[in-house]
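**Q**
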Amino acid sequence: MRASLFASPSAAASPPSTAKSLASRLHAAAPRLKKGVSHLQSVPKRAWCRASILLLLLGLIAFVLGTLDWRWAKRAGPAGNKTPEIDVVMVALKPTCVNRAAVAALQRYVRPRTLHVVTATARQCTAFRSWGLNIACHLQDAFLPGVTKGTVAEGLARRFSADGAHRFRGRDMTGWYLQQFLKLGAAAAIQELSEHFLVWDSDMIPLRPLKLLHPAPGASTPGISESEAWQTVVQVGGVPHVGGYAQTYEKLLGVPLLAAPDGSSFVTHCMVMFRPYVEELLAAVTYNITTAPPPPMWVDAILDALPPHHLDLGFSEYATYASFVRARHPRSQRLAGRKAWLRYGLGGEAAIRLGRTLSPGDLCCPSRHALLVARLLGFEYSGLDVGHVLACRFDAPEHALSYGVDLPEEP
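Counting with our numbering, you get residues 55 to 465 for the letters of the sequence shown.
#1: What residues in its chain sit with their C-beta under 6 Å from that of Ala174, if we drop five residues either side in the sequence?
#2: Just to confirm, are Ser22 and Asp141 a CB contact at a threshold of 8 Å?
#3: Taking 8 Å as the threshold (C-beta atoms), are Gln234 and Arg395 in contact?
#4: Looking at Ile189: is its Cβ nearer than 8 Å to the Cβ of Leu438?
#5: With the cut-off set at 8 Å, would you say Lys393 and Gly291 are in Cβ contact?
#6: For Glu452, is the classification buried or exposed, using 16 other Cβ atoms within 10 angstroms of its Cβ as the cut-off for buried?
#7: Report the partner residues of Cys324 according to the DSSP bridge assignment.
#8: Kindly identify the DSSP beta-bridge partner or partners of Val287.
#9: Since I believe Lys148 is in contact with Gln178 (beta carbons under 8 Å), could you give me their beta-carbon distance rounded to a whole number of angstroms?
#10: With DSSP as the reference, please indicate the residues paired to Trp395 in a beta bridge.
#11: Locate the alpha helix (DSSP H) running through Pro330, then write down its first and last residues.
#12: What does the Cβ neighbour count give for Arg262, buried or exposed, with the cut at 16 atoms within 10 Å?
#13: Ends of the alpha helix (DSSP H) at Cys446?
#14: Within its chain, find whatever has a CB closer than 7 Å to the CB of Gly186; leave out the 5 residues flanking it on each side and keep chain order.
#15: Could you tell me whether the region 295-302 touches the region 366-377, where touching means 3 or more Cβ pairs closer than 8 Å?
#16: Excluding the 5 residues preceding and the 5 following Val459 in the sequence, name in chain order all residues of the same chain whose CB lies nearer than 8 Å to its CB.
#17: Looking at Phe251: is its Cβ nearer than 8 Å to the Cβ of Thr286?
#18: Which same chain residues end up closer than 7 Å to Arg410 when comparing Cβ atoms and leaving out the 5 residues on each side of it in sequence?
#19: Please report the straight-line C-alpha distance between Ala61 and Val353, rounded to a whole angstrom.
#20: For Val309, does the count of other Cβ atoms within 10 angstroms reach 16, so buried, or fall short, so exposed?
#21: State the Cα-Cα distance for the pair Tyr303 and Thr374, rounded to the nearest angstrom.
#22: Quick check on His423: does DSSP put it in helix, strand or coil?
#23: Would Leu412 be called buried (16 or more neighbouring beta carbons within 10 Å of its own) or exposed?
Structure (structure tokens):
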């Protein structure tokens, strides 16, 4: 966890080792502080005036956006009622400074009834639960019967002669497929899950209140069901023409994978799902296979359908669900008019690497300033996929259990 340059009120009571560490940090930071002060003193007064005016304008814009956000959050739905409360499902390899920021932003802008986190160990669960009273944490290997990292690794190895640890751009392929199965299986695994629920990638950070549900035409009709009363807002702008996704989808369902009207994909790293439609999808992808559960037959069906030459990008839970529902229940969706999100934040991977070099702890953690700029530019959420940026050392031994956050001590 990054140390502050300013001592807290309890610093006086810190043990000698902590005080010594703090003193060494202050000593190391002194040259940078002196350089910054001398640079500020060399700035002309006219530039100071311009900077002050710019800061005032940014403050005014932030105030206006905050007011609009509040009014947006209060917007009513069918028959004058607010949108139904929904739960959030997030799968996280470990607690990080990125998903801690994501959880805080979800709490602020989505206000979920319950935020469900699926992670690897009980100690990591304790850390996630400490971030909010409405957070429920589930162990990944006990979440969905028959679906564990071991069974997925064995399934990949049996079908593709893989070693279960094949990596693509720093990503563990077994874990990548596992997290997709856990998201799709959440509707069955969490009995109390809301009918509409938001699946959210743990490295994406909301920047403003998100419009997740939109009143459907005729939503005020008495006696209308929830599935008919609300349309799910579907984001667009994902990477188009990913051959592996399309091949797997067509093999599973016998029809082409659908794209957004602008040609982009629905791989947008978050999606509102409707429990009955998830169940319908999983039933549809389960064809005549002989393997007995566990794992669930739909997991085996997906593994069977993966294209061997596109194993690194062989399946997308988001594209599959969105395309399936768009084909069978088109009136239940409302597509966003444009791409309103960033995968790697402003500046992309280069900005992430630059931010790491400027960080005292050499960590790739979110910058509040960068997130504010992205918000002012109109984006709704922004990502920080540090697992794909090798310079971030996300998988280094010292970051095995967490990245940029402290874990509670083991009992």
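Glycine included, C-beta positions come from ideal geometry on N, C-alpha and C.
**A** This is what the structure holds:
#1: In the sequence shown, the residue the question calls residue 174 occupies position 120. Hits under 6 Å: Gln194.
#2: This structure cannot speak to residue 22, because the chain is shown only from 55 to 465.
#3: Here residue 395 corresponds to residue number 341 of the sequence shown, with the count starting at 1. Here residue 234 corresponds to residue number 180 of the sequence shown, with the count starting at 1. At residue 395 the sequence reads Trp, which differs from the Arg that was named. No, the Cβ-Cβ distance between Trp395 and Gln234 is not below 8 Å.
#4: Within the sequence shown, residue 189 is the residue found at index 135, counting from 1. Within the sequence shown, residue 438 is the residue found at index 384, counting from 1. Taking 8 Å as the Cβ cut-off, Ile189 and Leu438 do not qualify as a contacting pair.
#5: Taking the first residue of the sequence shown as position 1, residue 393 is located at position 339. Taking the first residue of the sequence shown as position 1, residue 291 is located at position 237. Cβ distance < 8 Å, so Lys393 and Gly291 count as in contact.
#6: The sequence position of residue 452 within the sequence shown is 398, counting from 1. Under this definition Glu452 is an exposed residue.
#7: Stepping through the sequence shown from its first residue, residue 324 is reached at position 270. Trp254.
#8: As a working note, residue 287 is residue 233 in the sequence shown. According to DSSP, which records beta bridges pairwise, Val287 is partnered with Arg388.
#9: Here residue 178 is taken as the residue at index 124 of the sequence shown, counted from 1. Here residue 148 is taken as the residue at index 94 of the sequence shown, counted from 1. Their Cβ separation, rounded to whole angstroms, is 6 Å, which keeps Gln178 and Lys148 in contact under 8 Å.
#10: Within the sequence shown, numbered from 1, the residue matching residue 395 stands at position 341. DSSP, once it has assigned bridges, lists Tyr435 as partnering Trp395.
#11: In the sequence shown, the residue the question calls residue 330 occupies position 276. That run of the alpha helix (DSSP H) goes 329-339.
#12: By one-based count along the sequence shown, residue 262 stands at place 208. The residue is buried, with at least 16 neighbouring Cβ atoms inside 10 Å.
#13: Here the question's residue 446 lines up with position 392 in the sequence shown. No alpha helix (DSSP H) contains Cys446, which DSSP labels as neither H nor E.
#14: The sequence position of residue 186 within the sequence shown is 132, counting from 1. Same-chain partners within the cutoff: Val157, Gln161, Leu169.
#15: Counting C-beta pairs closer than 8 Å gives three or more between the region 295-302 and the region 366-377, which meets the contact rule.
#16: Here residue 459 is taken as the residue at index 405 of the sequence shown, counted from 1. Excluding sequence neighbours, Val459 sits near Met55, Pro149, Thr150, Cys151, Arg154, Ala181.
#17: Walking along the sequence shown from the start, residue 251 turns up at place 197. Walking along the sequence shown from the start, residue 286 turns up at place 232. Here Phe251 is not near Thr286, since their CB atoms are 8 Å or more apart.
#18: The count along the sequence shown starts at 1 and reaches residue 410 at position 356. Cβ neighbours of Arg410 beyond the five flanking positions: Asp416, Leu417, Cys418, Ala445, Cys446.
#19: Here residue 61 refers to the residue found at position 7 of the sequence shown. Here residue 353 refers to the residue found at position 299 of the sequence shown. For Ala61, the predicted structure reports a pLDDT of 33, less than 50, and the residue's modelled location is therefore unreliable. A value from the coordinates is still provided. It is roughly 51 Å from the alpha-carbon of Ala61 to the alpha-carbon of Val353.
#20: Taking the first residue of the sequence shown as 1, we reach residue 309 at position 255. Counting C-beta atoms within 10 angstroms of its own C-beta, Val309 has fewer than 16 neighbours from the protein chains shown and is therefore classed as exposed.
#21: In the sequence shown, counting from the first residue as 1, residue 303 sits at position 249. In the sequence shown, counting from the first residue as 1, residue 374 sits at position 320. Straight-line Cα distance between these residues: approximately 7 Å.
#22: To locate residue 423, count along the sequence shown from 1; it is residue 369. Reduced to three states, the DSSP call for His423 is helix.
#23: Numbered from 1 along the sequence shown, position 358 holds the residue referred to as residue 412. Counting C-beta atoms within 10 angstroms of its own C-beta, Leu412 has fewer than 16 neighbours from the protein chains shown and is therefore classed as exposed.
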